[in-house]
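Step one of this worksheet: look at the structure below.
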Amino acid sequence: MNNNKVVFIAFEERDNLGVAYLASVLSEAGYKSKIIDLRESRESILNVIKECEPVLIGFSVIFQYHIRDFIDLVKYLRDNGIKDHFTAGGHFASLRPRELFDIIPELDSLVRFEGEYTLVELLEALVSGKEWKKIKGISYIENGKLIQNDLRPLEPDLDSFPWPVRNIPGEYALGKTYATILAGRGCVHDCIFCDIREFYGPPPGPYKRIRSPVKVIEEMKYLYNEKGCSIFLFQDDDFPVIHSDDNDWVKRFCEGLSGNDLKGKIIWKINCRPDEVDDSVFRMMKDHGLYQVFLGIEDGTDEGLKKMNKKLTSADTISGIEILKDLEIGIDYGFMLFQPDSTFDSMRRNLMFLDTICTDGYLSVTFLKMMPHFATKVEAQLEKQGRLKKKSGIQDYDFLENTIDDYCGFVFNIFSDWLQDPGGLLNTSMWARNFINVYKFFSGNTSRIHFLSYGLKQLKKEANRFILDTLFELADIFESGNYKTEGDDKLEKYSLAVKEKHENLTESLSKIIRRVMIQNNFKELFRV
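One point on numbering: in the numbering used here, the residue at position 117 of the sequence shown is 122, and numbering is uninterrupted.
In structure tokens:
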């Protein structure tokens, strides 16, 4: 077999850096890769594969809740005559190999955990016709039995990997292009709802590794100078603000941005914990381009945080948020209002916390249901309690009280457009903020932009007040059980009120975005 082509099928909302690193290592080894977005039509994917004639097709099964899409696609490809070697990688493939083979029997192999070197060896074997079933990091089925080869150690030096392959940079806002980038891999924390530590735990090696700030800046400088990228979105699960092996990492990173003439020319976003936010450190980071932070807040009570094994307090979270607000750094966050042990009392206390942090309109109210991802402690707890519901790789649970199930279902039903739709109020308000922040950094905080920023904050303040008041009122109704006896009319009034409020606020928000764009176009028109 002389073919040296590989096709990856992955979820590509933005650059999938996991697959992009695989493709770069394969390119260095002499193989050509093509990455196809899972959301493309099955027919389109089939046509690309037939045209490429790859020796291997790799499926990046990162998100458990896209598993149905992979099941259908793999079967479709086999049914349409694709006989190439099918392998899969990612968290699900690594942590639940038997289950993945059971629901996708068409797979030939799995590449478990970090796959850069395993995949190169697998391809070398397939191309040369040699035996591949002894390769480290591979799993497969033989005579109905799961075979799991020895795991390959994690690469200790992330700087040894070539830079990930990337698509043509996409526009972020107001004509500015962005790139996703990594400062490291892994996380040392052990929250009950997350499988990151489980993913990096089984192979020999540390839970977390970081790149040299020099190498990160070299990549950023290349992307700025050669690709025109001025916005960088760090995809680290926990950016190395604090790292046990290198406490000066952020300082050296910021010094490197200045030394390479990037300060004042780029902005960047990170993910971190609230208790890692320090005024002096983040002031330095802001001065060197940090414009946005995603915080893993998750719960607003000390009791809830302890159950999650977050190892921080609600006071830590409030402190981190206040520092970011004072520095005028944008904040997105994760928050799990609905949890396996939720009661109406615990949810009210969490709503009060959201009221505290969102009342001024700096943040938007948002929340999720904690889901039992595979290989997490919450999954094990629910399974032990007999509450875990499984179907084709997708897992869920019922709450301890059926009135909370009804409350949760109704809330997500009436606020689905508001919270989850790409064109909904939450997502649109984030983009309005992004547009304003990009304009401020690259064009200055003019009086017009300051006025629009104030208008956005007031709109978010109004939206937050409405959604929180609605959630409090609905909690009373569902806890009392009156919704079961008073018919659907009372609840229908809430549905209509949310729909009307969402439409009105979204229209006002669209006007703000249009005005920012007009301001930007006006500036470009008269730029000297």
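Ideal Cβ placement from N, Cα and C applies to all residues, glycine included.
- Classified as exposed, Leu-151 has fewer than 16 neighbouring CB atoms from the shown chains inside 10 Å of its CB.
- Distances from the CA of Phe-447 to each of Gly-264, Trp-273, Ala-93, Ser-434 were compared; the closest alpha carbon is that of Trp-273.
- Distance from the CA of Thr-433 to the CA of Tyr-338, rounded to the nearest whole angstrom, comes to 16 Å.
- If you draw a straight line from the Cα of Val-443 to the Cα of Glu-176, it is about 12 Å long.
- A distance below 8 Å between beta-carbons, with the five flanking residues on each side excluded, links Gly-486 to the following residues of its chain, in chain order: Thr-408.
- Taking all protein chains shown into account, Met-341 has 16 or more neighbouring C-beta atoms within 10 Å of its C-beta and is therefore buried.
- At a Cβ-Cβ threshold of 8 Å, Thr-92 and Gly-63 count as neighbours.
- Cβ contact annotation for Phe-258 (same chain, cutoff 6 Å, sequence separation greater than five): Pro-218, in chain order.
- By a beta-carbon distance limit of 8 Å, Phe-106 does not contact Ile-140. Their separation comes to about 17 Å.
- Within the DSSP bridge table, the entry for Arg-214 names Arg-190 as partners.
- Check the Cα spacing between Gly-398 and each of Gln-386, Lys-389, Ala-380, Gly-391: the tightest is with Ala-380.
- Counting along the chain, Leu-329 sits inside the alpha helix (DSSP H) bounded by residues 319–331.
- Residue burial is scored here from C-beta neighbours: Phe-456 has fewer than 16 other C-beta atoms within 10 angstroms and is therefore classed as exposed.
- When beta bridges are read from the DSSP output, Gln-386 appears opposite no residue.
- Here Ser-65 is near Val-24, since their CB atoms are less than 8 Å apart.
- Nearest to Lys-315 by alpha-carbon distance, out of Lys-495, Leu-300, Gly-142, Thr-490, is Leu-300.
- Under a 10 Å Cβ-count criterion, Lys-213 is classified as buried, with 16 or more other Cβ atoms of the shown protein chains found around its own Cβ.
- Nearest in C-alpha terms to Gly-305, of all of Glu-260, Leu-329, Val-370, is Val-370.
- Your pair Ile-40 and Ala-15 checks out as a contact, with CB atoms roughly 6 Å apart and the cut at 8 Å.
- By the criterion of a C-beta distance shorter than 8 Å, Arg-216 is surrounded in its chain by Leu-163, Asp-164, Leu-187, Ala-188, Gly-189, once the five residues flanking it on both sides are discounted.
- Going by beta carbons, Ile-334 and Tyr-367 fall outside the 8 Å limit.
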